[in-house]
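Reading through the structure tokens given below for one structure.
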Amino acid sequence: KQWYQRRVRGSVQEYTTTNVSLPTVPVVALPVFLSCTMPSCGGVFSPIAVQIGIVNISSYVQEVDLIAEQGESFMLAGHKHLRCKILPHDKEFLQYHLVPLKHGLLSVPLPNVKLLRHPDVESAVITNKLIKSVFIKPRQFNSS
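Quick note on numbering: the sequence shown equals residues 104 to 247 in the numbering used here.
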């Protein structure tokens with residue numbers, strides 16, 4: 104800290120200068136972008152169509168391993184594994200159905216994503232912008 108006085112036209116003004124060193128923060132530029140298309144609500148035992156898109160936003164070919172997880176509240180129907188090479192500024196899609204087994208606000212199982220050319224990038228960093236939950240309505244029984 105530095106303290107000093109400054110004179111401006113006969114008056115004395117006091118100023119304080121403080122120097123603070125900030126820590127460095129590593130910034131990871133992700134070479135891919137994930138998007139998820141699915142409805143915001145559904146019914147128990149009614150399949151929910153899920154489409155996960157992965158876009159290569161880098162200038163290099165990316166090799167991706169994408170595995171859809173089942174979770175404890177859902178059954179999985181359809182393809183659950185996609186391993187491909189994505190050209191620069193191109194996209195690939197993985198489509199499957201989730202069948203809810205419970206009702207209420209359920210957390211959606213996030214896919215496991217591995218970038219084979221960038222093994223140090225964690226799956227949680229890539230999938231943090233995906234849909235986290237879906238509301239499932241209970242089954243209605245008709246009394247006759």
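Backbone N, C-alpha and C fix where the C-beta goes; we use that ideal spot for every residue, glycine too.
Small disclaimer: the values here were computed from a predicted structure and weren't measured.
Collapsed DSSP secondary structure at isoleucine 160 in the structure displayed: coil
Candidates Tyr163, Thr140, Val211, Leu169: closest to histidine 192 by CA position: Tyr163
Of the residues Ala152, Val147, Gly156, the one placed nearest leucine 209, counting alpha carbons only: Val147
Limits of the unbroken beta strand (DSSP E) element including valine 237: 236-240
Among Phe238, Gly207, Val228, Phe136, nearest to valine 130 - alpha-carbon criterion: Val228
Lysine 194 versus cysteine 144 - alpha carbon distance: 26 Å
Complete beta strand (DSSP E) runs within the segment 119-161 (minimum length 3 residues, chain order): 135-140, 144-146, 151-159
Whole-angstrom distance between histidine 184 and asparagine 221, CA atom to CA atom: The identity of residue 221 in the sequence shown is histidine, whereas the question assumes asparagine. Whole-angstrom Cα-Cα distance: 19 Å.
Distance, threonine 120 Cα to proline 142 Cα: 55 Å
Host beta strand (DSSP E) of alanine 180 (start-end): 177-181
Span separating the alpha-carbon of valine 211 from that of proline 126: 36 Å
Assigned secondary structure, valine 228 (DSSP; H/G/I helix, E/B strand, else coil): helix
Asparagine 159 classed as buried or exposed, judged by whether at least 16 other C-beta atoms fall within 10 angstroms: buried
Histidine 195 (DSSP reduced to helix, strand or coil): Checking the displayed sequence, the identity of residue 195 turns out to be glutamate instead of histidine. Residue state, collapsed to three classes: strand.
Reference serine 138; option with closest CA among Pro241, Leu218, Leu213, Lys240: Leu213
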